[in-house]
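Data block below; observations after.
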Amino acid sequence: MHCEQARIGPVTIGHKAPLALIAGPCVIESEDHTLRLADAIKRICLDVRLPFIFKASFDKANRSSIDSFRGPGIEKGLAILGRVRKELDVPVLSDIHTPDQAAPAGEVLDCVQVPAFLCRQTDLLAAAAQTGRCVNVKKGQFMSAEEMGNVACKLREAGSDNFTLTERGTFFGYNRLVNDMTSIPKMQTLAPVVFDATHSCQFPGGAGKLSGGQREYAGTLAAAAIAAGADALFMEVHDDPQHAKSDPATVHPLDQLQPLLERLMRIAEVCRAL
């Protein structure tokens with residue numbers, strides 16, 4: 010038993026549905042910046058006819074250093090995401106790190122995300138499932154595609170049949186990720202699959218007190234994932250990547266987003282017509 014489709018607000022992800030984009034900054038930096046970036050990405054997605062879900066974290070609890078910027082916190086962060094949802098009329102996604110964050114997050118978000126490092130935390134998965142919202146679980150860097158079957162089982166046991174799984178790379182030694190594209194069809198036997206193009210380019214902890222990475226390969230990996238049948242694409246996007254307060258080495262430049270999406274949409278059209 011598996012769910013062929015998931016719903017994030019008005020957006021359908023999965024079997025026979027159009028490719029969708031989940032995008033936004035890694036972390037909420039300010040209310041004004043979040044609204045401006047969400048509006049800019051929405052306009053691009055309208056131009057290329059790509060369903061859009063806005064993503065931004067209200068708290069980055071898994072930063073490399075204790076000195077790293079974490080965001081505005083759950084109360085202020087959810088208020089900002091609520092404004093994005095209402096004023097721009099786009100569904101919103103953010104991640105939770107503890108079970109007690111699930112209920113308030115579920116009152117605002119269209120999709121509650123479970124971070125990769127926490128994908129085996131039973132209580133967190135159950136709390137996310139019980140919000141009644143779509144749940145996006147990122148496959149842990151230490152997990153195989155097959156092991157995500159246990160994650161899917163936990164979500165179903167907790168009452169959810171509306172969830173997606175995200176491929177975001179697997180550890181290959183220290184500070185290095187690789188992508189096995191066969192994980193996409195393997196996890197599609199469980200649920201619709203999202204491909205995280207920017208985190209897959211990350212060197213976790215590779216810059217000492219922050220993660221390094223090679224953003225120039227995000228498009229290559231995204232193209233390969235779409236050709237492999239990914240149902241949706243996840244990308245962190247920023248209008249000033251070098252000064253982004255989280256993941257500056259991998260966030261995709263806003264001014265390069267539209268040409269990349271246009272190329273990826275052509276790949277998706279060809280592959281889905283086969």
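In this note's numbering, the protein residues as written are 10 to 283.
Ideal Cβ positions, reconstructed from N, Cα and C, are used throughout, including at glycine.
Sort out for me which residues DSSP pairs methionine 244 with in a bridge.
Ala32
With 16 other CB atoms within 10 Å as the buried threshold, where does cysteine 143 fall?
buried
Excluding the 5 residues flanking aspartate 48 on each side, which residues of the same chain have their C-beta closer than 7 Å to its C-beta?
Leu97
Selection from Glu155, Pro113, Lys195 and Thr131 that minimises the alpha carbon distance to aspartate 240
Lys195
Check each candidate in His106, Arg16, Gly149 and Met152 and name the one with the smallest Cα separation from arginine 79.
His106
Could you give the distance in angstroms between the alpha-carbon of leucine 266 and the alpha-carbon of glycine 168?
37 Å
Closest Cβ-Cβ distance between aspartate 68 and chain C: below 8 Å?
In the structure shown, chain C does not exist; there is a single protein chain.
Own chain residues within Cβ distance below 8 Å of threonine 259, not counting five before or after:
Thr207, His208, Cys210, Gln211, Ser220, Gly222, Gln223, Arg224, Ala227 and Glu245
Spatial neighbours of cysteine 280 within its chain, please: C-beta separation below 8 Å, excluding the five flanking residues on both sides.
Ile235, Ala236 and Gly238
Is it true that the segment 55–62 meets the segment 126–140, where meeting means three or more beta-carbon pairs spaced less than 8 Å apart?
no
For the alpha helix (DSSP H) containing isoleucine 22, list its first residue and its last residue.
Here isoleucine 22 belongs to no alpha helix (DSSP H); instead the beta strand (DSSP E) covers 20–23.
DSSP bridge partner residues for asparagine 188 (one or two, in chain order):
According to DSSP, which records beta bridges pairwise, asparagine 188 is partnered with nothing at all.
Over what stretch of residues does the alpha helix (DSSP H) that includes cysteine 280 continue unbroken?
266–282
Out of Ser39, Leu46 and Leu59, state which residue places its alpha-carbon closest to the alpha-carbon of proline 19.
Leu59
Once the 5 residues before and after valine 187 are set aside, which same chain residues still bring their CB inside 7 Å of it?
Gly178, Thr179 and Phe181
First and last residue of the uninterrupted alpha helix (DSSP H) at isoleucine 235
227–236
Bridge partners of glutamine 14, per DSSP?
Gly23
Looking at the structure shown, is isoleucine 193 part of a helix, part of a strand, or coil, going by DSSP?
helix
Proximity winner among Ile31, His24, Ala32 and Ile89, relative to leucine 44 (alpha-carbon distances)
Ile89
Whole-angstrom C-beta distance between aspartate 205 and phenylalanine 243, which should lie under 8 Å
4 Å
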